[in-house]
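Worksheet: one structure, shown below.
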Amino acid sequence: MAARRCSGGSTATRWSSTGCATASTASRSRTRARPSPCARAWAVPAVRPPPRAANGLTSSYRVLPEGVASPPPRRPFRCIPGKVGDQQVKFGLFHTVQWPEGTDQRDRYRESLDEAIHAEKVGLDAVWLTEHHFSRHGLISDSLNVLSHLAAETSRIRLGTAVAVLPFHNPVRLAEAAATVDVLSDGRLDFGVGRGYQWLEFNGFAVDMAERPSRFEESMDLIVKSWTATEPFSHQGQHWQYGDIQPQPRPLQEPHPPIWVATDSEDGLLRCAQNDWGVMLPQGRSIQVVAEQVGRYKEALNKVGKPYDPSKLVLARGLYVAKDDETAWAEAQPPYVRFLQGAAKLAAPPTSGPPAMSNPFDTDSLRDAVVFGGPESCIASLRKLQDLGVEYVIFFIHFGGLAHGKIIQSLELFAKDVAPALVPAGAVN
Numbered sequence: 001m002a003a004r005r006c007s008g009g010s011t012a013t014r015w016s017s018t019g020c021a022t023a024s025t026a027s028r029s030r031t032r033a034r035p036s037p038c039a040r041a042w043a044v045p046a047v048r049p050p051p052r053a054a055n056g057l058t059s060s061y062r063v064l065p066e067g068v069a070s071p072p073p074r075r076p077f078r079c080i081p082g083k084v085g086d087q088q089v090k091f092g093l094f095h096t097v098q099w100p101e102g103t104d105q106r107d108r109y110r111e112s113l114d115e116a117i118h119a120e121k122v123g124l125d126a127v128w129l130t131e132h133h134f135s136r137h138g139l140i141s142d143s144l145n146v147l148s149h150l151a152a153e154t155s156r157i158r159l160g161t162a163v164a165v166l167p168f169h170n171p172v173r174l175a176e177a178a179a180t181v182d183v184l185s186d187g188r189l190d191f192g193v194g195r196g197y198q199w200l201e202f203n204g205f206a207v208d209m210a211e212r213p214s215r216f217e218e219s220m221d222l223i224v225k226s227w228t229a230t231e232p233f234s235h236q237g238q239h240w241q242y243g244d245i246q247p248q249p250r251p252l253q254e255p256h257p258p259i260w261v262a263t264d265s266e267d268g269l270l271r272c273a274q275n276d277w278g279v280m281l282p283q284g285r286s287i288q289v290v291a292e293q294v295g296r297y298k299e300a301l302n303k304v305g306k307p308y309d310p311s312k313l314v315l316a317r318g319l320y321v322a323k324d325d326e327t328a329w330a331e332a333q334p335p336y337v338r339f340l341q342g343a344a345k346l347a348a349p350p351t352s353g354p355p356a357m358s359n360p361f362d363t364d365s366l367r368d369a370v371v372f373g374g375p376e377s378c379i380a381s382l383r384k385l386q387d388l389g390v391e392y393v394i395f396f397i398h399f400g401g402l403a404h405g406k407i408i409q410s411l412e413l414f415a416k417d418v419a420p421a422l423v424p425a426g427a428v429n
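When we follow our numbering, the leftmost residue of the sequence shown carries the number 1, and every step to the right adds one.
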């Protein structure tokens, strides 16, 4: 995870009439000189040429509902992580493409891409893409493919998988695809992985859900070996067999892209602590549950003699910012509830027996599990998370058919009225 600590790297910032364009120098080719270690993520930026025009701040994917004007270019609230006391505050997107009944699939995809690109324009630190199959719940079936597109459309923002569902993938081919994205993005990939939870997907791929642990463990070993092996290797495992192979390309980040695991179990958190992997906590949980999850992670770190590093824990959270609380909840709650209901149906098999997996969302305390409201309420919600030691939050904004124009407006309000209150003045542009 050493690469993760310096993922902000030295960041060059150049202002133009279209906004803020920045370029990360966190990673360089193995054939180039390595940059000096970053002292702190908020260090004075070094100077480098601006990104090529293809990575500018205009996008051909702008699709807004009739009557909703495209927001004017604006300076983002920040282009580097902020520091509050001993805290580093980072924000990103936990992003997907959902296809509600009565909407056009292509429009929804283009709108989602536009939202991801807009996240860099307003100053967010990362975009993490989900992976789903066989339903309207999520149309990103190949997150690394989509991240390749975003790598060409952006210049600074980190690009993550949230998550690559390992039981569904050939691990060596997945390692090669991830390394390709890392190269194309100039070392901006964060590799999030998980076991999966939706019965519909496991049934569709004819993968036994009971094999999730063994497939995950074998895949992780193969992926890391594919990235780091200096000589050809063979493998004869329970699920995968390979002859003499040496996967290519090699990732740009050394020794490999940061690994993040979606887990909140004691065993999973201990494995992350032992291997120096990042932890991805699920969305939709109450503040009390998040406090318990963070506590379990700290206990796991204590067992292996490591201190708590908040930069290695990321929490997903629903976000919708409006002019006031009443407007925010009136506009965001119905689509979010639709999303929760759809997710619950996909998690369990269509039988009268007990579900293979329980609904992963806590719907009983919705108001304590999302960041919806006017700016002041959203600031208060995020400060509660900071008090627990959660300093890296990625926002779920594309849910339940919420209109694209409203999503963009919410991001604009977040950047204008919420983030500056949580990021110190020295990190605000």
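Don't be surprised by glycine CBs; every beta carbon is placed ideally from N, CA and C. Predicted model only: the values in this text are computed from it and were never measured.
Item to check | Per-residue burial, Ala262 [other beta carbons within 10 Å of its own, 16 or more giving buried] | outcome: buried
Item to check | Leu184 versus Asp142 - alpha carbon distance | outcome: 16 Å
Item to check | Contiguous alpha helix (DSSP H) assignments of at least 4 residues, all confined to the segment 279-332 | outcome: 287-303
Checklist entry - Looking at Val337 and Trp260, is the spacing between their C-beta atoms short of 9 Å? => result no
Checklist entry - Residues bridged to Lys90 by DSSP? => result Tyr392
Next on the checklist: I believe Val224 touches Val290 by the beta-carbon criterion, under 8 Å. Please report the beta-carbon distance rounded to the nearest angstrom.
Outcome noted: Their Cβ separation, rounded to whole angstroms, is 29 Å, which puts Val224 and Val290 out of contact at 8 Å.
Next on the checklist: Just list the residues that DSSP pairs Tyr242 with in beta bridges.
Outcome noted: His235
Item to check | Same chain, Cβ closer than 8 Å to Gln333, five either side skipped, listed in chain order | outcome: Leu366 and Phe372
Checklist entry - Can you give, in chain order, each stretch of the alpha helix (DSSP H) that sits fully within the segment 99-137 and has at least 4 residues? => result 105-121
Next on the checklist: Within 8 Å, do at least three Cβ pairs link the segment 275-294 to the segment 325-332?
Outcome noted: no
Checklist entry - Nearest to Gln241 by alpha carbon, out of Ile379, Phe94 and Asn170? => result Asn170
Item to check | Of the listed residues Ile379, Thr228, Gly204 and Met209, nearest to Glu176 (C-alpha basis) | outcome: Thr228
Next on the checklist: In this structure, how does DSSP classify Leu189 when only helix, strand and coil are distinguished?
Outcome noted: strand
Checklist entry - For Thr154, which beta-bridge partners are listed by DSSP? => result In the DSSP output, where bridge partners are listed per residue, Thr154 has none listed.
Item to check | Exposure label - Gly204; buried when at least 16 CB within 10 Å | outcome: exposed
Checklist entry - With 16 other CB atoms within 10 Å as the buried threshold, where does Thr96 fall? => result buried
Checklist entry - Can you tell me whether Val304 is buried or exposed, with buried defined as 16 or more other CB within 10 angstroms of its CB? => result exposed
Item to check | Proximity of Leu129 and Leu159 at Cβ, strictly below 9 Å | outcome: yes
Checklist entry - To the nearest angstrom, how far is it from the Cα of Phe216 to the Cα of Ile287? => result 29 Å
Item to check | beta strand (DSSP E) segment containing Gly196, residue limits | outcome: Per DSSP, Gly196 belongs to no beta strand (DSSP E) and is neither H nor E.
Checklist entry - By DSSP, does Trp260 sit in helix, in strand, or in coil? => result strand
Next on the checklist: Please tell me whether Gly318 and Ala369 are closer than 9 Å, where the distance is taken between their beta carbons.
Outcome noted: yes
Item to check | The alpha helix (DSSP H) enclosing Gly405, as first and last residue numbers | outcome: His404 to Leu413
Next on the checklist: Counting only beta-carbon separations shorter than 9 Å, does Thr230 have a partner in chain D?
Outcome noted: This model lacks chain D altogether, as it is built from one protein chain only.
Checklist entry - Helix, strand or coil: how does DSSP classify Thr230 here? => result coil
Checklist entry - Considering only the beta carbon of each residue, do Ile245 and Pro255 sit closer than 9 Å? => result no
Checklist entry - Which one of Met220, Thr230, Gln253 and Arg250 has the shortest CA to CA distance from Gly237? => result Met220
Checklist entry - Can the beta-carbon of Ile407 be found less than 9 Å from the beta-carbon of Glu115? => result yes
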